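Reading through the structure tokens given below for one structure.
Numbering (the working numbering), first residue to last: 7 to 101.
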């Protein structure tokens, strides 16, 4: 079995959409973490975000067969088109 990990970073307001999408695609074993995206510039919308230089994000981490990751990433990008989103994949070995 050749597993890869997948980290999906997204704006918190898209959490429910992404959960529904993953469940509909048959992924029912993933993890959620709250996190903050630090930076400056146009992505900071509210005055509070502009003062703190951070925006609230979420992270879903899931593990799947190596060949499943690229099409799933493309499907997620299509589902959340126009939204701030970053997806990373990496090799993993379960111990």
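Where a beta carbon is used, it is the ideal one built from N, C-alpha and C, also for glycine. As the structure is a prediction and not an experimental result, all values here were calculated from the model.
Rounded Cβ spacing between residue i and residue j (contact assumed at less than 8 Å)
| i | j | result |
| --- | --- | --- |
| residue 101 | residue 14 | The pair is not a contact, with the Cβ atoms about 23 Å apart (cut-off 8 Å). |
| residue 5 | residue 27 | Shown here, the chain extends from 7 to 101; a query on residue 5 therefore has no answer. |
Residues near residue i in its chain [Cβ-Cβ closer than 6 Å; skip 5 each side]
| i | result |
| --- | --- |
| residue 37 | 67 |
| residue 21 | 64 |
Reduced DSSP secondary structure (H/G/I, E/B, other) of residue i
| i | result |
| --- | --- |
| residue 19 | helix |
| residue 97 | strand |
| residue 31 | coil |
Under 8 Å between C-beta atoms of residue i and residue j
| i | j | result |
| --- | --- | --- |
| residue 74 | residue 8 | no |
| residue 90 | residue 19 | no |
| residue 41 | residue 69 | no |
Close-in-space but distant-in-sequence residues of the same chain around residue i (CB under 7 Å, 5 per side omitted)
| i | result |
| --- | --- |
| residue 96 | 10 and 11 |
Residue nearest to residue i in terms of C-alpha spacing, selected from the options
| i | options | result |
| --- | --- | --- |
| residue 31 | 21, 43, 78 and 61 | 78 |
| residue 44 | 61, 35 and 34 | 61 |
Spatial neighbours of residue i in its chain, beta-carbon cut-off 8 Å, leaving aside the 5 residues before and after
| i | result |
| --- | --- |
| residue 85 | 23, 24 and 27 |
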